[in-house]
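Quick mapping for you: the protein sequence lines, in order, are chains G and W.
Going by the working numbering, the residue at position 18 of the first sequence is 63; the numbering climbs one at a time, nothing skipped.
Going by the working numbering, the residue at position 70 of the second sequence is 86; the numbering climbs one at a time, nothing skipped.
Glycine included, every Cβ here is placed at the ideal spot set by N, Cα and C.
First up is the structure itself, then whatever we jot down about it.
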Amino acid sequence: MGLHHRGPMTRLIQRLDDALARIEKCVIVLCFALLVAAVLFSILSRNLFHLPSHRIFESAPNLVLWMALLGASLALKQHRHIRLELVLRYGSETVRKWSGRVVNLFGATVMAGLLITSIAFVRNEIAMFGGWGWLAVIFPIFFGSTAFRYLAALMISPDSPPTSDSAAQGESNR
Amino acid sequence: MNLLSIAILAILLLALLETPVFTVIAALSMACLFFVDHDLLALQMILIEMNRLGSMPVLVALPLFTFVGCLLTETRAPRRIMDFIEALLGWLPGGMAMAALCSCAFFTALTGASGVTIVALGSILYPVMRSRGYEEKFTLGLLTTSGSLGLLFPPSLPVILYGVIAQVDISRIFKAALVPGILLIVVLCGYAFFKQMGAAQQQQSGLSLQRVKTTFVAGIWDWPVIGIILAGVYGGFVTIAEVSAVVLVYAVVVECFVLKEVSFSRQLPSIIVESAVLSGAIIVILGFALGFTGFLVDERIPNRILVFLTTFCESKWMFLAGLNLFLLAVGCIMDIFSAIVIVVPIIIPIALSYGVDPIHLCVIFLVNLEIGYSTPPVGINLFISSLKFQKPVTLLYRASIPYLLLLLVVLVVITYVPWLSLFLVGL
C-alpha cells in the first residue's frame with residue numbers, strides 16, 4: 046500500500062521512522078570511522094612509536110556496542126533479525142497476519158519494559174563514572190527505538206507477516 | 017505449574033511465531049530474573065551484562081570482518097577468485113563442482129552466513145554447472161550443502177563468536193579447525209570427482225597454464241586479502257582485531273582507489289551500514305544471551321543437566337555421540353549465531369567434565385552446525401535453496417542426502433579422532 050493511501054497518523058509515524066533511520070545511519074558511519082581510526086592508531090602507536098595505547102584500544106568495544114545496537118535497531122526496520130523460521134512457513138496467510146500482530150505487540154512490550162529499566166541503569170552509570178557513564182545512554186536509545194519500531198510496524202502494516210527468509214530478504218534489501 | 021514456567025512456555029510459543037531471537041532471549045531473561053526474586057531491580061542485570069560487551073576487545077573483529085565480507089560482495093573479487101579456482105581444477109572430472117565447493121567455502125569464510133553464499137554464488141554457479149552438463153539433482157545438492165562449508169576457516173565469524181563466548185584463544189581454534197575444514201572439502205570434492213568421472217557429456221578441456229596465469233594475475237590485488245588474514249591469524253603476531261583492521265584498510269584502498277569497483281563516497285557508507293545491520297543482529301543476541309546464560313549458570317542448570325546425563329552414560333564416547341545428535345538438531349532449527357550464544361555456555365562445563373578438550377569441542381560444535389544447516393526436514397539452507405532456485409523443498413531433501421551422508425562420516429571421524437583437530441594446535 047502506498048504512503049499516500051494512508052492516514053495522517055500513519056504517514057507521520059512512517060516519516061519519523063525514516064528520519065530516525067537516517068540519523069542512525071549517520072551515527073553508524075561516524076562510529077565505524079572512529080573505530081577503524083582507533084584500532085589503526087593503536088597498532089601504529091604501539092609498533093612504530095612504541096607508545097602505550099591500551100586506553101584507545103579498550104575504548105574501541107564501546108564504539109562496537111554503539112554501532113551494533115544502532116545496526117540492530119535498523120535491522121528491525123528492515124525485518125532482518127534472526128528468527129526461528131520453523132512453523133509459519135506452513136501456516137496460512139491469516140495465521141501469518143495474526144502472528145505478525147502478536148509478535149509486534151509482544152516485542153513493543155518487552156522493549157518498553159527494558160527502556161524503563163535502562164533509564165535507571167544510565168542514571169546509576171553517570172552517578173558512578175561521571176562523564177564516561179554517558180556511554181551507556183545507547184541502551185535507552187536502542188530500547189526506545191526498537192519499542193517504537195515494533196509499535197510502528199503494528200500501526201503502519203498490522204497485516205504484514207514476518208519475513209519468511211531473512212537471507213533472501215537481506216539480499217533484496219541491498 | 018508456576019508462573020515462571022507459564023511465562024517461559026508462552027515466550028517459546030512466541031519464538032515459534034517468528035519473534036526475532038533477540039526479543040525472545042530478552043523476554044526469557046526478564047522472566048527468569050523477575051520471577052526468581054519478584055524484584056524489578058533484578059532486570060538491571062540484563063543491562064549490566066550487555067554493558068560487558070563494551071569491555072571485550074575481541075568483539076571489534078566482528079563488525080570489521082563483516083564489513084570486509086560486505087565490501088568484497090559488492091566487487092568482482094568472488095568472481096575473480098572463482099575463475100582462478102576453476103582454471104586450476106575445472107579440467108578434472110567434476111572440476112567445476114570442485115571449483116564451486118572451494119569458492120563457496122572461501123565466500124562463506126568471509127561472510128559467515130551460509131544463506132548469503134547460496135543467494136550470491138548460487139545465481140552464478142547454478143547456470144554454469146547446468147550448462148556444463150551436471151545433473152540438476154547433483155548441482156542442487158552441492159550448492160545447498162556447500163552453502164555452509166568454510167565456516168571453519170578464517171576469518172569465520174562463528175569461530176570468532178565461539179572464542180568470545182567460550183573464552184578460548186581464537187587463533188588456536190582456527191588452527192584446530194583447519195584440517196577438519198579441509199577434510200570436509202576434500203571428501204566432497206572426491207565425491208564430485210568419482211561421480212563425474214564417467215560423465216561424458218561434460219565439456220572439459222585440459223589444464224591451461226596460460227588461463228591459470230591469466231586468472232591469477234586478474235586477481236593479483238585479491239590475494240593479499242587472503243595472505244594478510246592467514247598470516248595474521250596463523251602467524252600469531254597480531255590480535256584478531258588488528259588483523260581485521262589491516263585487512264579492512266587494504267580492501268578499502270584496493271577496491272575504492274586501485275580497482276575502483278566501489279565508490280568511496282557513494283557506496284562505502286551504505287556498505288558500512290549494511291555491515292552494522294548484519295553484525296548488530298548478531299551482537300545484540302550475544303548481549304542479551306550474556307544475561308540469560310548468567311542466570312542459567314547461577315541456577316546451576318548445566319550441573320543439573322550433567323547429573324541427569326551421567327545417570328544415563330558415563331562414557332565420553334557415548335556422550336560425544338549424544339552431543340552430535342543434539343547439535344545436529346540444534347543446527348537444523350537454530351541459526352548458528354543464536355546456537356553459539358545459547359548452547360555453548362551450557363555444554364562447555366558438561367563436556368569438560370567428560371574430559372573433552374575445549375578446542376576439540378569447538379570444532380565438533382561448528383561441524384555439527386555446519387551440517388545441520390542442510391539437514392532435512394528444517395535445515396535453513398534447504399529452504400533458502402528452494403526459494404533461490406525455485407525448486408520444491410522435497411527435491412532438495414533428496415539432492416542433499418548423498419552429501420549429508422559423507423559429511424556425517426567426516427563428522428564421526430572428527431569427533432572420535434581428536435588428534436585431527438589438536439595436532440596443529442600443539443605445534
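Give the single residue among the options whose Cα lies nearest to the Cα of residue i.
| i | options | result |
| --- | --- | --- |
| Leu-133 of chain G | G:Ala-181, G:Leu-160, G:Trp-143 and G:Arg-125 | G:Trp-143 |
| Leu-115 of chain G | W:Ile-298, W:Val-359, W:Glu-102 and W:Pro-361 | W:Ile-298 |
| Val-81 of chain G | G:His-95, G:Ala-105, G:Leu-93 and G:Arg-60 | G:Ala-105 |
| Leu-223 of chain W | W:Pro-393, W:Val-76, W:Pro-418 and W:Leu-104 | W:Leu-104 |
| Gly-158 of chain G | G:Leu-61, G:Tyr-135, G:Phe-187 and G:Ile-127 | G:Phe-187 |
| Phe-151 of chain G | W:Val-228, W:Glu-34, W:Cys-272 and W:Val-379 | W:Glu-34 |
| Asn-18 of chain W | W:Ala-31, W:Phe-51 and W:Gly-149 | W:Phe-51 |
| Ile-97 of chain W | W:Val-135, W:Thr-160, W:Val-233 and W:Leu-225 | W:Val-233 |
| Arg-414 of chain W | W:Leu-69, W:Ala-31, W:Thr-82 and W:Thr-160 | W:Thr-160 |
| Leu-80 of chain W | W:Leu-49, W:Pro-171 and W:Ser-369 | W:Pro-171 |
| Val-195 of chain W | W:Ser-437, W:Leu-344 and W:Val-268 | W:Ser-437 |
| Asp-99 of chain W | W:Thr-326, W:Ile-236 and W:Ser-279 | W:Ile-236 |
| Pro-365 of chain W | W:Ala-182, W:Val-379 and W:Asp-238 | W:Ala-182 |
| Ala-165 of chain G | G:Ala-153, G:Gly-178, G:Phe-193 and G:Ile-88 | G:Gly-178 |
| Met-350 of chain W | W:Ser-260, W:Phe-38 and W:Asn-319 | W:Phe-38 |
| Val-84 of chain W | W:Ile-430, W:Ala-26 and W:Ala-261 | W:Ala-261 |
| Arg-141 of chain G | W:Pro-374, W:Cys-120, W:Leu-30 and W:Leu-412 | W:Leu-30 |
| Leu-69 of chain W | G:Ala-153, G:Leu-110 and G:Glu-103 | G:Leu-110 |
| Phe-209 of chain W | W:Gln-283, W:Pro-109, W:Arg-227 and W:Ile-186 | W:Pro-109 |
Please compile the residues from chain W whose C-beta is within a distance smaller than 8 angstroms of the C-beta of residue i.
| i | result |
| --- | --- |
| Glu-138 of chain G | Per Cβ cutoff of 8 angstroms: no residues; Glu-138 of chain G is ~14 angstroms from chain W at best. |
| Pro-106 of chain G | Leu-69, Gly-70, Ser-71, Met-72, Pro-73, Leu-75 and Val-76 |
| Phe-151 of chain G | Leu-30, Thr-35, Thr-39 and Ala-43 |
| Arg-127 of chain G | Checking the displayed sequence, the identity of residue 127 of chain G turns out to be Ile instead of Arg. Those are Pro-36, Val-37, Phe-38, Ala-297, Ile-298, Ile-301, Asp-351, Phe-353 and Ser-354, listed as they occur along chain W. |
| Gly-248 of chain G | Since the first residue of chain G shown is 46 and the last is 219, residue 248 of chain G is not available in this structure. |
| Ile-171 of chain G | Those do not exist, as Ile-171 of chain G stays about 13 angstroms from chain W at its closest Cβ, beyond 8 angstroms. |
| Leu-144 of chain G | Checking the displayed sequence, the identity of residue 144 of chain G turns out to be Ser instead of Leu. What Ser-144 of chain G touches in chain W: Leu-33 and Glu-34. |
If we cut at 8 angstroms on Cβ distances, does residue i have a partner in chain B?
| i | result |
| --- | --- |
| Ala-64 of chain G | Judged by its chain identifiers, the structure shown contains no chain B, and its protein chains are G and W. |
Quick one: what does DSSP say residue i is sitting in, helix, strand or coil?
| i | result |
| --- | --- |
| Gln-123 of chain G | coil |
| Val-433 of chain W | coil |
| Lys-229 of chain W | helix |
| Ser-21 of chain W | helix |
| Lys-276 of chain W | coil |
| Ile-236 of chain W | coil |
| Gly-52 of chain G | coil |
| Met-72 of chain W | coil |
| Phe-169 of chain W | coil |
| Val-426 of chain W | helix |
| Gln-214 of chain G | Low per-residue confidence applies at Gln-214 of chain G: pLDDT is 41, beneath 50, and the placement is therefore not dependable, though the value from the model is reported in the following sentence. Note: Gln-214 of chain G maps to helix in three-state DSSP. |
| Pro-206 of chain G | The pLDDT assigned to Pro-206 of chain G is 40, lower than 50, so where the model puts this residue is not dependable; a value taken from the coordinates is nonetheless given after this. DSSP places Pro-206 of chain G in coil when its eight states are reduced to three. |
| Val-132 of chain G | coil |
| Phe-94 of chain G | coil |
| Glu-138 of chain G | helix |
| Leu-443 of chain W | coil |
| Val-254 of chain W | coil |
| Gln-283 of chain W | coil |
| Met-213 of chain W | coil |
| Pro-185 of chain G | helix |
| Ser-224 of chain W | coil |
| Arg-219 of chain G | Only weak support is given to the placement of Arg-219 of chain G: the predicted model assigns it a pLDDT of 29, under 50, and the question is left unresolved by the model. |
Determine the chain W residues that contact residue i at a beta-carbon separation under 9 angstroms, and present them in chain order.
| i | result |
| --- | --- |
| Lys-70 of chain G | Pro-285, Ser-286, Ile-288, Val-289 and Ala-292 |
| Phe-184 of chain G | Leu-63, Met-66 and Asn-67 |
| Ala-181 of chain G | Leu-63, Asn-67 and Gly-70 |
Give me the chain G residues within the contact set of residue i, using Cβ-Cβ distance strictly less than 8 angstroms, ordered along the chain.
| i | result |
| --- | --- |
| Glu-258 of chain W | Val-84, Ser-87 and Ile-88 |
| Val-265 of chain W | Val-81 and Leu-85 |
| Ala-261 of chain W | Val-81, Val-84, Leu-85 and Ile-88 |
Check the Cβ of residue i against every Cβ in chain W and list those closer than 7 angstroms, keeping chain order.
| i | result |
| --- | --- |
| Ser-163 of chain G | Leu-63 |
| Leu-114 of chain G | Gly-296 and Val-300 |
| Ala-193 of chain G | As written in the sequence, residue 193 of chain G is Phe, which differs from the Ala given in the question. None at all; the shortest Cβ gap to chain W is about 14 angstroms. |
| Leu-131 of chain G | Leu-32, Ile-349 and Val-394 |
| Ile-73 of chain G | Ile-288, Val-289 and Ala-292 |
Return yes when at least one heavy atom of the ligand ADP lies under 7 angstroms from the C-beta of residue i, else no.
| i | result |
| --- | --- |
| Gly-110 of chain W | This structure lacks the ligand ADP; in fact it carries no ligand of any kind. |
Runs of alpha helix (DSSP H) lying entirely within the stretch 304–375 of chain W, each at least 4 residues, in chain order: 317–328, 332–349 and 352–369
Taking contact to mean 3 or more Cβ pairs, one atom from each stretch, closer than 8 angstroms, check whether the stretch 284–295 of chain W and the stretch 114–123 of chain W are in contact. Output reads no: the stretch 114–123 of chain W does not touch the stretch 284–295 of chain W.
Stretch-stretch touch, CB-based, cutoff 8 angstroms, three pairs: the stretch 35–55 of chain W with the stretch 300–314 of chain W: Contact between the stretch 35–55 of chain W and the stretch 300–314 of chain W is established, with three or more Cβ pairs separated by less than 8 angstroms.
Counting pairs of beta carbons, one from the stretch 60–70 of chain W and one from the stretch 86–93 of chain G, are three or more of them closer than 8 angstroms? no
Across the stretch 204–213 of chain W and the stretch 393–409 of chain W, are there enough close Cβ pairs to call them in contact, namely three or more that are closer than 8 angstroms? no
Specify whether the stretch 311–321 of chain W and the stretch 348–356 of chain W touch according to this definition: at least 3 beta carbon pairs, one from each stretch, less than 8 angstroms apart. no
Do the stretch 133–153 of chain W and the stretch 196–205 of chain W make contact, defined as three or more Cβ pairs closer than 8 angstroms? no
Do the stretch 72–86 of chain W and the stretch 181–197 of chain G make contact, defined as three or more Cβ pairs closer than 8 angstroms? no
List in chain order: all unbroken alpha helix (DSSP H) runs of 4+ residues lying wholly within the stretch 62–129 of chain W. Segments of the alpha helix (DSSP H) lying fully in the stretch 62–129 of chain W: 77–89, 93–105 and 111–127.
Can you check the stretch 378–408 of chain W for any alpha helix (DSSP H) of at least 4 residues that lies completely inside it and give the ranges in chain order? 396–405
Below 8 angstroms, how does it come out for the stretch 107–122 of chain G and the stretch 59–70 of chain G: are there three or more Cβ pairs, yes or no? yes
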